[in-house]
Each structure stands twice: as C-alpha cells, then as structure tokens.
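Notes to accompany the following structure.
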Amino acid sequence: MLIPSLIDGLLLGFVYGIAAMGLSLIWGVMDVINLSHGPIIALGMFGIYLAFNGLGMNPYLTLLLVMAGGLLLGIVIYGVAVQRVIDAPHLSTLLATFAVNMIIIGIGTAVFTTSPRNVDFSLGSISLGNVSLTWTRILAAVAAGGVTALLYLFLHRTQPGKAIRAVTDNRAAAELMGIPTNWILALSFGLGTMLAAVSGGLIATFFPFTILAGGSYEVKSFVICVLGGLGNPLGALIGGLLLGALEGVIPVLGSLPGIPNIETSWVPVVEFVLFVLILLVRPQGLLGSES
Amino acid sequence: MKQLRHPGLWLALALTAAFALWPALASNKAYTREIAFTILRAVTFASSLNILLGYTGYVSFGHIVFYGLGGYVGFYLLDEHNVHLAVAVLAGGLASGLLAFLLGRAILRLRGAYFALATIGVNEAMRAFIKNIDLFGGPTGMTLNFRVYQSYGGPDQALWTTYLSVAALSLVVVLVSFLVKSSRFGLGLMAIRENEDAAEVMGVVAPSTKTWAYVLSAFFPGMLGVLFFFKNGNIEPGDAFVLHQSIEGIVMVMLGGQGTVLGPVLGAAAYQRLRGLLLVSPLFKNIQLAVAGVLLLVIVLFVPAGVVGWLRGRFAILRRVLE
C-alpha cells in the first residue's frame with residue numbers, strides 16, 4: 000500500500016513542483032505574489048482540452064503551444080497589470096494580479112461554464128512488481144523534470160537567464176550594468192506563467208478539471224513555495240516532491256501497524272497547518288538560506 | 000469628546016443610517032430590505048477590515064475566516080443549545096476575537112506578503128478543519144430547525160429582527176472605526192502603517208497594538224457571521240470560508256479609500272450596487288466577475304487612494320469634512 004502511494008505521490012509532486020516553480024520565480028525576481036497563477040493553470044488545462052477534443056492533437060505536442068501561449072500571456076499581464084505597480088506596496092501587486100484572476104475566471108466561466116471536463120487520453124499502465132503506474136503520470140513527471148532541467152540551463156547558461164538572476168540579486172545594480180530590467184521582469188513573469196500553464200496541461204492528462212480547478216493548485220503552490228523557500232525555483236521542485244509524497248502517504252498511513260487511520264479529508268488540514276507553521280518558524284523556507 | 004463633533008463622523012453615520020432606513024421608505028419593503036441587508040453586511044465587513052488594512056497597513060487576505068468561524072460558533076449555539084440570538088451573536092464575535100488574539104501574536108510578526116499568505120493559509124486550514132468536525136456537521140454543515148424562528152415571532156419577523164441587528168451593528172462599526180482613528184491607539188496603528196520600526200522607536204508597543212487592532216477587526220465580522228447564517232438558515236464550510244468574499248472586502252475598502260472612515264461605507268455600497276446591477280443586466284450577467292476585475296485593476300493602477308482619498312487629496316477644503 001505504502002510504496003505505490005508514495006511513488007504515485009512523487010510523480011504528481013513533479014507536476015506540483017513546476018507549478019510552484021513559476022510562482023517562486025516571479026516572487027524571487029520581482030517580489031510579486033502572482034494571484035493569477037491558478038486561472039493560468041486552468042487555462043493550460045483548457046489549452047490541452049481544446050486541442051485534444053477539438054482538433055485531435057497529441058497532448059504532449061500541444062504542450063509546446065501551451066508553453067508559447069503561457070509565455071506571451073505572462074508578458075501581456077506584466078505589461079498591463081504589474082508594471083505600473085511593481086514598486087508600490089505589496090497590497091497593490093496582490094490586488095492587481097487578483098484583478099487579472101477575476102477577469103480570466105469571469106470570461107472563462109462565461110465561455111466554458113463550470114461543468115467538469117476531462118481529456119480522454121490513455122496510454123495504459125505498467126506494472127513493476129506489485130506496483131501499477133499509469134503512463135500519463137510517468138510522462139507528466141518526465142516532462143516536468145525536463146522543463147526543470149531546461150529552466151536551470153536557461154537561467155545558468157544563457158545571456159537572458161543570467162540577466163534574470165542578476166535582476167533577482169539586485170535590480171538597481173543590474174540596471175546600472177546596462178541590463179534592460181523592464182524587459183527582464185516581463186520575461187520572468189512570462190516564464191512564471193509558462194510554467195503554470197505547462198503544469199496545468201500536464202494535470203489535464205490525468206485529472207478531470209473545471210475552469211475553477213486552478214485555485215486549489217494555486218494554494219498548493221503557495222504551500223510548496225513556503226516549503227522550498229519563496230524565490231528559490233529549484234527549491235520549489237523539492238517542495239513539490241515533498242507535498243506530493245505527503246499527499247500520497249498520509250491517507251494510507253493507517254494501513255501500517257500502530258498508526259491510527261487518517262482520512263483523506265484531513266490532508267489539507269495537515270498541509271495548511273504545516274504551511275502556517277513554516278511561515279512562522281522559517282519564513283525563508285525549509286530549504287531557503289538564511290539571509 | 001471633542002472629536003465627536005467632527006462632521007466626517009456624522010457624514011459616515013448618516014450615510015449608513017440612510018441605507019438602513021431605505022426599506023422603511025420604499026414601496027416594496029421586503030425586496031428593498033434584502034438589497035439594504037447586502038449593503039449593510041458589506042459596510043460592516045469592509046469597515047472592520049479597514050481597521051487592520053487601512054489603519055495598520057496589514058493585508059488580511061483571509062479575513063472571511065472570522066466571519067465563518069463566528070457564524071459556525073453562533074449557529075451551533077442557536078441550533079443545539081437554543082440560546083437567544085443576542086447571546087449567540089456575542090459568542091460568535093468573542094470566538095472570532097479570541098482566534099484573532101491567538102493568531103495575532105503569531106502571524107502578525109510576519110510582514111507584507113508573508114502575512115497575506117499566512118492569512119490565506121489560516122482560512123484554508125480552518126475550512127478543511129471544520130469539514131472534519133462532526134460537532135459542526137462536517138462537510139454538509141448544519142441546518143437550523145424551523146421552530147427556532149418561532150421564538151422570534153415567526154420567520155418573517157425574524158428576518159426583520161436580523162435586518163435591524165445588522166443595521167445597528169453597521170452603525171456601531173462605523174462609530175468604532177472613527178473612534179479608533181481619532182484615538183491614541185489609532186495614531187499608533189497609523190504610525191505602524193507608515194514605518195513599523197520607527198513607530199517602535201517612538202514608543203508604540205507594536206506587537207500588542209497590532210494584536211488589538213486584529214482582534215477588533217475580527218470581532219465584528221464574527222458577530223455579522225452569526226446574523227447572516229441565522230437568516231440563511233443553514234451553514235456549510237463551502238459557504239462560510241469563501242476566500243473570494245475576503246478579497247471582495249478588500250476591493251470595497253480600496254474603492255472607497257483605505258484608512259478613511261467614510262471610504263469603506265461608500266465603497267461597500269458602490270460595489271454591492273454595481274454587482275447587483277451587473278448580475279441582472281443581460282449583457283453583463285455572465286461576465287460580472289470580469290467587469291469587477293477590470294474595475295479593481297483600474298482602481299489599483301490609477302486611483303490607489305480610493306474615492307475618498309482622491310477627493311481629500313484633490314480638494315483641500317474636503318479634508319475638514321471627509322474623514
């Protein structure tokens with residue numbers, strides 16, 4: 000019972016991880032908590048849904064389109080809603096991104112309604128010993144891992160990536176070194192929303208969803224960011240794996256001798272209590288460095 | 000009590016009272032009462048939130064947790080123990096105040112966005128927790144026995160009683176909001192808002208001052224929750240802890256003008272009326288949320304001080320009248 004649940008949770012954790020990575024990247028670079036994160040995850044889900052159910056396209060190829068769309072959407076959101084208030088108090092950016100959230104959800108509900116959808120796509124499953132895993136979950140984890148690796152290479156090996164890290168460190172100094180910080184901020188926001196959209200697309204291949212489904216993944220992303228340290232994109236992946244493992248393991252702990260059964264409905268209580276506790280004790284995150 | 004003669008207080012109170020008296024003057028009393036109820040509920044919630052958000056500068060994204068918790072505690076007492084509505088309302092307020100007091104010491108240490116995130120976490124944790132508590136009906140919640148309304152003169156009379164209670168509560172909140180602002184305590188809060196470290200150097204005991212502001216801003220939503228769910232007749236976790244309503248509260252405060260007494264009253268009324276109009280308009284009813292979003296974005300980007308703040312900044316003479 001325990002091992003399959005743990006593996007299942009870890010696979011899901013990769014996908015949670017890249018959703019949180021998007022949130023974390025934006026926070027790290029510009030100190031903005033992107034409250035439009037959830038609806039963008041939902042848009043990623045609908046991107047896959049429309050391409051698969053409408054045009055019969057392969058979900059994994061569509062993912063590239065979803066990535067491009069997410070990147071562009073992020074740059075637009077930055078230009079319209081964030082740029083003007085980037086140096087204002089936190090309340091302004093929280094509310095500006097929340098306004099974007101309301102606009103997307105408002106239009107999305109009108110267009111797609113809130114009835115549940117699913118992408119009827121299956122690749123079967125494989126059995127390893129007594130553990131059975133579906134291919135969609137495995138591929139999602141592989142894709143999430145690949146995206147993480149690409150992001151890492153981008154941030155450390157390319158000119159724009161290095162510029163993003165410079166702006167994260169010290170925006171004023173980066174500006175003085177001739178880095179066009181406004182473009183770099185727009186690019187970072189775009190990358191953040193791109194990661195959200197991709198994670199949504201991957202989730203759509205194995206879970207049913209509605210236009211409102213992004214909300215719960217957004218809140219999970221907060222928890223993960225806090226676990227991994229806000230503003231630390233790679234920490235987010237580890238935080239995601241941790242949360243995925245917790246979600247997989249907590250409900251089946253009762254099957255072990257000597258441990259009382261914990262119902263699935265208690266999992267969010269554990270998550271959020273953990274979240275608030277970590278914020279209090281180590282606001283830089285479990286893996287964040289002292290600063 | 001010289002400050003009680005300030006025209007700003009009487010303007011805010013008069014506006015609130017005007018909403019409260021509206022049903023008495025209208026031809027369709029029950030219909031108007033429902034509209035006025037929504038407005039007064041919003042005024043109460045926004046004005047309480049303003050004590051923390053506007054005066055102290057701490058963004059509570061999950062403020063609705065106090066409304067939900069108060070509602071649950073009061074509802075439980077009404078339903079299971081047959082206590083009087085007034086007692087239940089007080090108990091709901093005290094429960095929320097107590098939660099704020101306990102939380103305050105802990106999470107008010109966090110600043111800026113970390114505090115905002117923690118309040119979201121508290122709301123989600125509370126909803127998930129209540130869902131698992133059988134005493135409070137678990138995920139399906141509780142439904143009030145219809146007989147309870149008989150002791151308040153039947154359902155129709157009970158609706159009016161609730162309405163008048165919410166009207167009275169909104170007037171009290173506006174008065175408290177003004178008294179806080181013109182007191183030494185309020186000055187401490189505003190000093191914390193401007194610069195917490197400097198305020199502490201100047202002798203403001205920031206931790207306890209912030210905590211009491213938090214308690215005060217949680218107490219009234221707790222009472223409000225009991226009244227609302229008494230009128231509603233049932234309560235469930237999905238209705239009591241709606242994160243969205245929290246943020247609507249912030250929108251109302253921002254729209255009217257954060258840190259002012261009149262602002263939340265004006266903002267709450269304007270937002271609720273706008274929402275009502277959008278919901279019944281054939282063109283906008285499907286995208287009312289998107290329209291509200293555009294409105295919020297425009298306020299945040301272009302008029303961050305809100306209507307009252309903008310008027311005060313633009314016309315010097317109004318600074319003596321608007322508070």
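Residue numbers (numbering that gives the first Met the number 0), protein chains in the order written: chain Z, 0 to 290; chain S, 0 to 322.
Don't be surprised by glycine CBs; every beta carbon is placed ideally from N, CA and C.
Please read all numbers here as calculations on a predicted model, not as lab measurements.
With a threshold of 9 Å between beta carbons, is residue i in contact with chain Z?
i, result
"Lys1 of chain S", "no"
"Ala304 of chain S", "no"
"Ala198 of chain S", "no"
"Asn49 of chain S", "no"
"Val241 of chain S", "no"
"Leu375 of chain S", "Past the boundaries of the shown model lies residue 375 of chain S; chain S is included only from 0 to 322, so the question cannot be answered."
"Ile34 of chain S", "no"
"Tyr113 of chain S", "yes"
"Gly292 of chain S", "yes"
"Arg274 of chain S", "no"
"Gly256 of chain S", "no"
"Glu195 of chain S", "no"
Measure the Cβ-Cβ separation of residue i and residue j and say whether it is below 9 Å.
i, j, result
"Val110 of chain Z", "Gly292 of chain S", "no"
"Ile63 of chain S", "Gln271 of chain S", "no"
"Ser95 of chain S", "Phe65 of chain S", "yes"
"Ile119 of chain S", "Gly67 of chain S", "no"
"Val200 of chain S", "Tyr54 of chain S", "no"
"Thr108 of chain Z", "Ile210 of chain Z", "yes"
"Ala212 of chain Z", "Ala41 of chain Z", "yes"
"Ser164 of chain S", "Val88 of chain S", "yes"
"Val65 of chain Z", "Gly43 of chain Z", "yes"
"Met20 of chain Z", "Val166 of chain Z", "no"
"Lys161 of chain Z", "Leu152 of chain Z", "no"
"Phe229 of chain S", "Leu77 of chain S", "yes"
"Glu79 of chain S", "Pro267 of chain Z", "no"
Rounded to a whole number of angstroms, what is the C-alpha to C-alpha distance between residue i and residue j?
i, j, result
"Ser290 of chain Z", "Pro138 of chain S", "Here the model assigns Ser290 of chain Z a pLDDT of 46, short of 50, so the residue's position is not dependable and the matter cannot be decided."
"Leu1 of chain Z", "Gly145 of chain Z", "27 Å"
"Tyr15 of chain Z", "Val31 of chain Z", "20 Å"
"Tyr48 of chain Z", "Leu109 of chain S", "40 Å"
"Val118 of chain Z", "Gly46 of chain Z", "11 Å"
"Pro250 of chain Z", "Gly136 of chain S", "22 Å"
"Ala331 of chain S", "Ala17 of chain S", "Outside the displayed span of chain S (0 to 322) sits residue 331 of chain S, for which this structure offers no information."
"Gly69 of chain Z", "Leu150 of chain Z", "15 Å"
"Met176 of chain Z", "Leu186 of chain Z", "18 Å"
"Phe328 of chain S", "Asn131 of chain S", "In the structure as shown, chain S begins at 0 and stops at 322. Residue 328 of chain S is therefore absent and cannot be evaluated."
"Gly185 of chain S", "Leu184 of chain Z", "38 Å"
"Ala67 of chain Z", "Ser198 of chain Z", "13 Å"
"Leu54 of chain Z", "Thr61 of chain Z", "10 Å"
"Gly105 of chain Z", "Gly224 of chain S", "27 Å"
"Asp133 of chain S", "Asp238 of chain S", "17 Å"
"Ala195 of chain Z", "Val218 of chain Z", "13 Å"
Closer than 8 Å by C-beta to residue i: which residues in its own chain qualify, once you throw out the five before and the five after it? Chain order, please.
i, result
"Leu102 of chain S", "Val121 and Tyr213"
"Phe100 of chain S", "Thr210, Tyr213 and Val214"
"Gly255 of chain S", "Ala45, Leu261, Gly262, Pro263, Val264, Leu265, Gly266, Ala267, Ala269, Gly305, Val306 and Val307"
"Leu277 of chain S", "Phe283, Lys284, Gln287, Val290 and Ala291"
"Ile6 of chain Z", "Val130, Leu132 and Gly247"
"Met125 of chain S", "Val64, Gly67, Leu68 and Phe240"
Keeping to the same chain, check which residues put their C-beta closer than 6 Å to that of residue i; ignore five residues upstream and five downstream.
i, result
"Leu11 of chain Z", "Gly243"
"Leu72 of chain Z", "Thr192"
Check whether the Cβ of residue i lies closer than 9 Å to any Cβ atom in chain S.
i, result
"Leu90 of chain Z", "yes"
"Arg156 of chain Z", "no"
"Gly105 of chain Z", "yes"
"Met101 of chain Z", "yes"
"Phe188 of chain Z", "no"
"Pro267 of chain Z", "yes"
"Pro115 of chain Z", "no"
"Val79 of chain Z", "yes"
"Trp182 of chain Z", "no"
"Arg83 of chain Z", "yes"
"Ser290 of chain Z", "At Ser290 of chain Z the pLDDT is 46, less than 50, meaning the model places this residue with poor confidence; the figure from the coordinates comes in the next sentence. Not one chain S Cβ lies under 9 Å of Ser290 of chain Z."
"Ala95 of chain Z", "yes"
"Pro232 of chain Z", "no"
Leaving out five residues on either side along the sequence, give the residues of the same chain with a beta carbon under 7 Å from the beta carbon of residue i.
i, result
"Glu174 of chain Z", "Thr180"
"Ser220 of chain Z", "Ala18, Ala19, Leu22 and His36"
"Ala157 of chain S", "Tyr148 and Tyr151"
"Tyr71 of chain S", "Ile129, Phe135, Ile234 and Ala239"
Return yes when at least one heavy atom of the ligand HEM lies under 8 Å from the C-beta of residue i, else no.
i, result
"Ser216 of chain S", "Looking for the ligand HEM in the displayed structure turns up nothing, as the structure carries no ligands at all."
Mind listing the chain C neighbours of residue i? Cutoff is C-beta to C-beta under 7 Å, in chain order.
i, result
"Leu241 of chain Z", "Given the protein chain composition of this structure (Z and S), no chain C is represented."
Meets three-Cβ-pair contact criterion under 8 Å: the segment 166-175 of chain S and the segment 214-231 of chain S: yes
Cβ contact (3+ pairs, closer than 8 Å) linking the segment 81-90 of chain Z and the segment 295-303 of chain S: yes
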